[in-house]
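> Have a look at this one before I ask anything.
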Amino acid sequence: MDWAPCSRCDRYFNSPSAMEQHIRDSPKHNLCGACNDDFELREDLEEHCEYWHDYCRDDNRFFDSAEDLDQHDEGTCISGVDQGRVTELAFQCRLSQYYASSKHGFDFECPSCNVPFSYMSGLFQHVQSEACDEESDKHSPLRAFLRFLRRRV
Numbered sequence: 000m001d002w003a004p005c006s007r008c009d010r011y012f013n014s015p016s017a018m019e020q021h022i023r024d025s026p027k028h029n030l031c032g033a034c035n036d037d038f039e040l041r042e043d044l045e046e047h048c049e050y051w052h053d054y055c056r057d058d059n060r061f062f063d064s065a066e067d068l069d070q071h072d073e074g075t076c077i078s079g080v081d082q083g084r085v086t087e088l089a090f091q092c093r094l095s096q097y098y099a100s101s102k103h104g105f106d107f108e109c110p111s112c113n114v115p116f117s118y119m120s121g122l123f124q125h126v127q128s129e130a131c132d133e134e135s136d137k138h139s140p141l142r143a144f145l146r147f148l149r150r151r152v
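So for the sequence shown, numbering that gives the first Met the number 0 puts the first residue at 0; every next one is plus one.
Pasting the structure below:
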């Protein structure tokens, strides 16, 4: 008796382990190594990893936090994005009014504390510190910027 179907491949399997092996080995499945979500398209898997698991597609590397990924993007990423490009994109993001600074000599400021920063990497270091109460959930302006940045580099 067949155990379970694979609707994507129109196949049936005799055991859970046979089904799991099929998903791991089949080119029609794109499995996330971090959470085991399965995607039909490789591009969907990469977008998922970038958004949910702080993944740099250019370097094929995962980071511990969105802030660490941003620092990587500004510095050592092989994509060639530099600090100037990150600043330019930061102001193009639709939520930039929440972190753009009006203080002379500073481009950015913390949405919670209003502490000014010259660079996005400094702002992200601040947000990660215990000195700041800014939430870094998926709906925050800074998370929105990171999603915006990843789609453009």
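Think of the CB as a built atom: it goes at the ideal place given N, C-alpha and C, for glycine as much as any other residue.
Measuring alpha carbon to alpha carbon, tell me which residue in Val126, His71, Trp51, Ser16 is nearest tyrosine 98.
Sequence index remark: in the sequence shown, residue 98 carries index 99 (1-based). For tyrosine 98, the nearest C-alpha among the options comes from Val126.
> Answer with buried or exposed for cysteine 103, where buried requires no fewer than 16 other C-beta atoms within 10 angstroms of its C-beta.
Stepping through the sequence shown from its first residue, residue 103 is reached at position 104. Correcting the residue type first, residue 103 is histidine in the shown sequence and not cysteine. Burial call: exposed.
> Indicate the three-state DSSP secondary structure (helix, strand or coil) for phenylalanine 144 in the structure shown.
Walking along the sequence shown from the start, residue 144 turns up at place 145. Helix at phenylalanine 144.
> Measure the alpha-carbon distance for cysteine 131 versus glutamate 49 and round it to whole angstroms.
Within the sequence shown, the letter at position 132 stands for residue 131. Within the sequence shown, the letter at position 50 stands for residue 49. Cα-Cα distance, rounded: 25 Å.
> Quick check: the Cα distance between leucine 148 and asparagine 13, rounded to an integer number of angstroms?
Along the sequence shown, one-based indexing puts residue 148 at 149. Along the sequence shown, one-based indexing puts residue 13 at 14. Approximately 45 Å between the Cα atoms of the pair.
> Please state whether DSSP places methionine 0 in a helix, a strand or coil.
Taking the first residue of the sequence shown as position 1, residue 0 is located at position 1. Low per-residue confidence applies at methionine 0: pLDDT is 49, beneath 50, and the placement is therefore not dependable enough to give any value.
> Using 10 angstroms around the beta-carbon of cysteine 109, count the other beta-carbons present and answer buried if the total reaches 16, otherwise exposed.
Numbered from 1 along the sequence shown, position 110 holds the residue referred to as residue 109. Cysteine 109 comes out buried.
> Just list the alpha helix (DSSP H) runs in the stretch 13-99, keeping only unbroken ones of 4 residues or longer that don't cross its boundaries, in chain order.
Runs found: 15-24, 41-52, 65-73, 82-91.
> Check arginine 7 in the structure and name its three-state DSSP category.
Here residue 7 is taken as the residue at index 8 of the sequence shown, counted from 1. Looking at arginine 7 - three-state DSSP - the assignment turns out to be coil, as it is neither helix nor strand.
> Relative to the C-alpha of cysteine 34, which candidate in Asp53, Cys112, Ser16, Asp24 has its C-alpha closest?
Locating residue 34 in the sequence shown gives position 35, where the first residue counts as 1. Among Asp53, Cys112, Ser16, Asp24, the Cα nearest to that of cysteine 34 is on Asp53.
> By the 10 Å Cβ neighbour count, where 16 or more other Cβ atoms means buried, how is cysteine 112 classified, buried or exposed?
As a first step, residue 112 must be located in the sequence shown, where it is residue number 113. When all chains shown are included, cysteine 112 counts as exposed.
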